[in-house]
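J.:
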Amino acid sequence: MSFDPHRDIDASSRHAELRSVDAGWVLVDLGSSNGTFAEGHRVTETQINRNAPVSIEFGPGGPRVRLFVGDDAEIEALPPAPVEVRKATWIMPAIGGVLVFVVILVLAVLRC
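Below, the structure written as structure tokens:
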């Protein structure tokens, strides 16, 4: 998997890797500056269980993947990932900017 270096700024070029171990699979953070999150919790290393989907996030608010270890039949039986609607974070700063602009405009008109 690769990320867009301009859009996915929370993900490092070598962020995390999935390693095969005797007991199955382990997700390991590779010293990324923004961290790796599994099911919302920051991890440096976490066991990945078979037949249990895991939400992985590369940095807070960064790119996400849904990881599932299983065979083809188990993957087919997997329910679709829940759709998450993120709130627009630009609305409040935009309103603040407009208010500052209006105040500056009113002050400029009053001085004339």
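Residues 0 to 111 in numbering that gives the first Met the number 0 are what the sequence shown lists, from first letter to last.
Virtual Cβ for every residue (Gly too), placed ideally from N, Cα, C.
Note that the coordinates shown come from a computational prediction; the quantities given were computed from them, not determined experimentally.
Quick one: what's residue 27 bridged to in DSSP?
T.: Answer is 16 and 44.
J.: To the nearest angstrom, report how far apart residue 64 and residue 57 are at their CA atoms.
T.: Answer to the nearest angstrom: the Cα atoms are 9 Å apart.
J.: If you draw a straight line from the C-alpha of residue 18 to the C-alpha of residue 89, how long is it?
T.: Near 38 Å, if we compare the C-alpha coordinates of residue 89 and residue 18.
J.: Assuming residue 25 and residue 43 make a contact with CB atoms under 8 Å, what is their CB distance in whole Å?
T.: Actually they do not touch by this definition, with Cβ atoms about 11 Å apart.
J.: My understanding is that residue 50 touches residue 73, with C-beta atoms under 8 Å, so please give their C-beta distance in whole angstroms.
T.: The pair is a contact, with the Cβ atoms about 6 Å apart (cut-off 8 Å).
J.: Given this structure, state the Cα-to-Cα distance separating residue 59 from residue 99, to the nearest angstrom.
T.: Computed Cα separation, rounded: 30 Å.
J.: The beta strand (DSSP E) spanning residue 36 covers which residue range?
T.: Residues 35-37.
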